[in-house]
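Before any comments, here is the structure.
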Amino acid sequence: MDLIAEGLKQGLIRLEDGGKYIVYVPQGKRRNYENPEEKVQAEAFLRLVLVYKYPIARIRQFVSVQMGAETKEADVVVYSDDALKSPWIVVECKKPDVSELEFVRAVDQAFSYAVAEGAKFVWTTSGLKNEYYEVPAKKPKARITIPDVPQFGVEELAKFKFAKGGGTTKTGQKLFDLEKVTEDELTRRFQQAHQALWGGGELNPSEAFDELDKLIFCKLWDERKPRKSGEPYDFQIFTEDTREKTERELLERLKKLYAEGRKKDSEVFKDDIRLSAAKARTVVSYLEGVNLTETDLDSKGRAFETFMGSFFRGDFGQYFTPRVIVKFIVDVLPITHDSLVLDTSCGSGGFLLHALDKVRREADEFYPKQKGPPEGKDHFNHWHEFAEHNLYGIEINEQIARTAKMNMIIHDDGHTNVIATDGLLPDDEIRKKTKNQGFQYSRFDFIITNPPFGSTVKQTEKAYLHQYRLATRDVDWLNPKSKAAERPGQDTEILFIEQCWNYLTEGGYLAVVIPDGILTNSSLQYVRDEIEDLYRIVAVVSLPGTAFTNTGAGVKSSVLFLKKLTEKETKRMRDTKQALKDSIRKQEKFEAHLTDIEREKKKALRALNEHPEFANLGVAERKKNSAYVEEAKVITEEYGSQLDALRFRFAEIYEERRRKGLPDYDILMAMAEDIGYDATGRDTKTNELVQIGEELSRFIQAIEEGKA
């Protein structure tokens, strides 16, 4: 129920001045509705009336309470009599983002009001978190945890509040089913729960994130467990004799849920829940009434991503590609439910999730009248089969890989084939290490990825490096003395271009975010040559320099769209290039020019040796003679310059003939200067990637139809 909407409808409240003020009609109180705490107060008041059915005449807001010499104000007091002489419930309201310490103080404050007034129950709420207590008559300062405050006319409470389908206990207490929530509210619940876990210093933020992930996993598992109507959910606070017992038994239930879930998904989490019982209760208090399964898929997905991003954007910023870039890349590619899709550096799973979302939209077109199982079985199977069998991700950081799995689970699956390992390992080693047989070369139709920039893999550190062509130096066709050799190291983003080619099927597409240096640095021409041999270059889309500022990366980047050539096409390309080089060397008499330069160099050095000043010196003496060494250096540099000029001239000849001799095709080139946000993350209201994406989609379709 939308309490505010229903309260307005029934005339219990009124909003004035464009919603700036709220008027509580029964008491004629006008308050500032822009105050976050006032919104919580309004919902608490309306819940007591509309849900718990207390007569309005027995509810008073902003009640003066005498505390010794001081007068305080209780937010809401519910009375058990019409004369308002017997306080029954004291309600204390706090703003939604209240800290755990402030919330504890609010509970203390509410208790002090209840004791002073002689009330029997206490309800402290922030809207996101609720705690309920009974005040014992004989020991008023003691606190008995209860699952809820009693509803009107109820004397005896159940041990729990939430049950499948709701229902009513034998004593008349209404039970509640789980509720769907908004994206904003779910984000705040995640953030508040995380803050509560590490705020006291017991866990660091990273550990707290892992533990919260585990409990979200338990929550989802609990919702998916089969249970009859009226049966209680396990992921909630059951009240026992003492707080300690309440928390202990809650933790035991959570660990049981966790163990059950891990039997099916052993790769999601490999270690046990490490939270204290008290910390576990804190998390449960934020999530127990929320229906994660039924909450709108996009809303809960964005909520988790927003929460996740707010935590990880710092040390882990490189694992996040901005949503607008991910969406652009996935939208332009012709991915369908039959496609096999891989991200070789999947980070938190953004590319995989958008691919899944694209197939869900495809299901909407195929089965427009179906919404979900069981009535939408075909719709569900359409995208769920894709999620389970066609989506693959590799992430080297184990914590981020777990986060990607959780992100997929939050989105209703697709996590099965997300693995934690080095994405540059050979496929057979990955299969052996992870036991997942899906990671095979030449298998995938689409690879969508943003590989890590700036890291160098060294030959001395990784045994697999020699297997990459881009980690070796070929013989220089203009330097007869050169030999093929291993490079001492290679940048990861360059290696991933080759590894993605390994994984793609012939005709498959790669969309990869790369630093612009790969496209422009003269020293990386060999990388561009290799790309030309392996792929048809489809498009190059330049991104603004601010594209990754929010994730902590400042490297100017572009998105490269490539289509894997067939083995014959690659061989033909390489053979054509080699034949062209051989032809140029022969026609332009490269060896003769080289011999002339070498002969002239030897002649100059012989003349230097015969010079009267050095003629009588032996070889060893010449090496020690500074004048001789300097003259020899001048000669070597002069003829070295001639050699460089010769090679440059032949390279220019090659480039000129190469452009004419190699296959000619169109490449879409685009520059996006505004992609929807600036360097601070502020919305600019303009996204040039939308228009570029539309044009690129048409271009790729033309390629697939053989028209481009």
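Here this note's numbering is used: the first residue of the sequence shown is 1069, the next is one more, and so on.
Backbone N, C-alpha and C define an ideal beta-carbon position, used for all residues, glycine too.
Quick one: Cα of residue i to Cα of residue j, how far?
{"i": "residue 1582", "j": "residue 1599", "result": "13 Å"}
{"i": "residue 1515", "j": "residue 1613", "result": "24 Å"}
{"i": "residue 1478", "j": "residue 1288", "result": "8 Å"}
{"i": "residue 1754", "j": "residue 1369", "result": "24 Å"}
{"i": "residue 1385", "j": "residue 1124", "result": "Here residue 1385 scores only 49 on pLDDT, less than 50, and its place in the model should not be relied on; the value that follows carries that caveat. Whole-angstrom Cα-Cα distance: 52 Å."}
{"i": "residue 1302", "j": "residue 1366", "result": "26 Å"}
{"i": "residue 1274", "j": "residue 1608", "result": "37 Å"}
{"i": "residue 1636", "j": "residue 1730", "result": "15 Å"}
{"i": "residue 1069", "j": "residue 1564", "result": "51 Å"}
{"i": "residue 1644", "j": "residue 1361", "result": "57 Å"}
{"i": "residue 1719", "j": "residue 1641", "result": "18 Å"}
{"i": "residue 1174", "j": "residue 1296", "result": "37 Å"}
{"i": "residue 1743", "j": "residue 1626", "result": "13 Å"}
{"i": "residue 1520", "j": "residue 1389", "result": "11 Å"}
{"i": "residue 1290", "j": "residue 1466", "result": "25 Å"}
{"i": "residue 1496", "j": "residue 1510", "result": "13 Å"}
{"i": "residue 1575", "j": "residue 1634", "result": "7 Å"}
{"i": "residue 1550", "j": "residue 1674", "result": "25 Å"}
{"i": "residue 1316", "j": "residue 1218", "result": "24 Å"}
Count the other CB atoms, across all protein chains shown, that sit within 10 Å of the CB of residue i; report buried if there are 16 or more and exposed otherwise.
{"i": "residue 1760", "result": "buried"}
{"i": "residue 1169", "result": "exposed"}
{"i": "residue 1570", "result": "buried"}
{"i": "residue 1757", "result": "buried"}
{"i": "residue 1172", "result": "exposed"}
{"i": "residue 1733", "result": "exposed"}
{"i": "residue 1135", "result": "exposed"}
{"i": "residue 1679", "result": "exposed"}
{"i": "residue 1216", "result": "buried"}
{"i": "residue 1524", "result": "exposed"}
{"i": "residue 1740", "result": "buried"}
{"i": "residue 1194", "result": "buried"}
{"i": "residue 1468", "result": "buried"}
{"i": "residue 1255", "result": "buried"}
{"i": "residue 1517", "result": "buried"}
{"i": "residue 1434", "result": "exposed"}
DSSP three-state call for residue i: helix, strand or coil?
{"i": "residue 1737", "result": "strand"}
{"i": "residue 1677", "result": "helix"}
{"i": "residue 1353", "result": "helix"}
{"i": "residue 1640", "result": "helix"}
{"i": "residue 1583", "result": "strand"}
{"i": "residue 1358", "result": "strand"}
{"i": "residue 1594", "result": "helix"}
{"i": "residue 1222", "result": "coil"}
{"i": "residue 1755", "result": "strand"}
{"i": "residue 1573", "result": "strand"}
{"i": "residue 1104", "result": "helix"}
{"i": "residue 1578", "result": "strand"}
{"i": "residue 1140", "result": "strand"}
{"i": "residue 1133", "result": "strand"}
{"i": "residue 1090", "result": "strand"}
{"i": "residue 1186", "result": "coil"}
{"i": "residue 1098", "result": "strand"}
{"i": "residue 1082", "result": "strand"}
{"i": "residue 1512", "result": "strand"}
{"i": "residue 1070", "result": "coil"}
{"i": "residue 1664", "result": "helix"}
{"i": "residue 1249", "result": "coil"}
{"i": "residue 1398", "result": "helix"}
Can you tell me which residues form a DSSP beta bridge with residue i?
{"i": "residue 1127", "result": "1146"}
{"i": "residue 1195", "result": "Residue 1195 is not bridged to any residue."}
{"i": "residue 1050", "result": "Within the shown structure, residues of the chain are numbered from 1069 to 1776, placing residue 1050 beyond reach of any answer."}
{"i": "residue 1782", "result": "Outside the shown range of the chain (1069 to 1776) lies residue 1782, about which nothing can therefore be said."}
{"i": "residue 1540", "result": "1554"}
{"i": "residue 1244", "result": "1230"}
{"i": "residue 1603", "result": "1632"}
{"i": "residue 1235", "result": "1243"}
{"i": "residue 1745", "result": "1751"}
{"i": "residue 1407", "result": "For residue 1407, which the question treats as bridged, DSSP gives no partner whatsoever."}
{"i": "residue 1392", "result": "None, per the DSSP bridge assignment."}
{"i": "residue 1488", "result": "1463"}
Is residue i close to chain B, meaning its C-beta is less than 9 Å from at least one C-beta of that chain?
{"i": "residue 1250", "result": "Here chain B cannot be found, since the structure has a single protein chain."}
Subject >> Start-end ranges of the alpha helix (DSSP H) lying completely within the stretch 1411-1484, minimum 4 residues >> reply: 1418-1434, 1445-1457 and 1466-1478
Original post:
What beta strand (DSSP E) runs, 3 residues minimum, are completely inside the stretch 1514-1538?
Top reply: The stretch 1514-1538 contains these whole beta strand (DSSP E) runs: 1524-1526.
Original post:
In chain order, which continuous runs of the beta strand (DSSP E) of length 3 or greater are located wholly inside the stretch 1267-1332?
Top reply: none
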